[in-house]
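Visitor: In our numbering, the protein residues as written are 75 to 254. C-beta: ideal position from N, C-alpha, C; glycine also. Source: prediction; values computed, not measured.
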Amino acid sequence: DRGDEVLTEDSPPGDNFLADVCREWEAQTDVAKQAGIRVVNLRFGMILSPKDGALKKMLLPAKLGGGRLGSGRQYWSWIGLDDAAGAIHHALMTDSLSGPVNAVAPNPMTNSEFTKVLGRVISRPTILPAPAFGLKLALGQMADQLLLASCRAVPDRLQQSNYEFRHPTLEGALRFQLGR
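Below, the structure is given as structure tokens:
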């Protein structure tokens with residue numbers, strides 16, 4: 075959990091399971107780098123699509139009035155599905171881009187803010203919070219690392235390499251993904 079810390083591609087790694095997975099995954103590309111091959115390690119935030127993944131799982135609770143998770147102060151770094159695909163294409167086509175690249179939208183939001191925006195987009199109140207202890211009981215360590223931990227990652231390298239986000243704001247991304 076990194077709290078309010080803004081995380082760029084140059085920030086030191088975290089010390090939890092997901093950080094370990096990322097570190098090990100990126101280490102597997104060392105052989106290619108040593109062979110002189112350009113390697114881009116895309117670090118995806120929560121990819122928003124109503125067909126699968128996190129957004130699909132959020133829709134029913136949000137439609138039923140579900141609100142923030144835990145304190146709601148944890149940052150979520152997200153990216154719309156079309157921008158995730160765009161970031162992959164950009165990484166392939168931009169020879170100057172290499173190393174770690176945060177594939178996230180430029181506006182990470184707290185869970186509380188995220189939930190309010192989702193409620194506004196689907197025209198539902200989001201008033202019933204899910205307490206942290208309940209999430210931990212139901213989901214164990216996954217709740218801590220995926221829902222309650224804060225990750226305020228920003229896409230410095232994508233922006234420095236002139237990637238233009240189709241949906242830089244959460245409201246725009248959600249409206250596009252949900253056809254609203």
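1) Can you tell me the Cβ-Cβ gap for residue 221 and residue 143, rounded? I've got them flagged as a contact below 8 Å.
2) For residue 167, is the classification buried or exposed, using 16 other Cβ atoms within 10 angstroms of its Cβ as the cut-off for buried?
3) Going by Cα to Cα distance, which pick from 106, 99, 155 is closest to residue 123?
4) Over what stretch of residues does the alpha helix (DSSP H) that includes residue 195 continue unbroken?
5) Name the one or two DSSP bridge partners that residue 115 has.
6) Put residue 147 into one of helix, strand or coil per three-state DSSP.
7) Opposite residue 80 in the DSSP bridges: which residues?
8) Would you grab the beta carbon distance between residue 229 and residue 180 for me? Rounded to a whole angstrom, and I think it's under 8 Å.
9) Of the residues 242, 252, 253, which one's Cα is nearest the Cα of residue 157?
Guide: Put simply:
1) 5 Å
2) Exposed is the call here.
3) 155
4) Here the alpha helix (DSSP H) through residue 195 covers 185 to 195.
5) 174
6) coil
7) 226
8) 6 Å
9) Per the C-alpha coordinates, the member of 242, 252, 253 positioned closest to residue 157 is 242.
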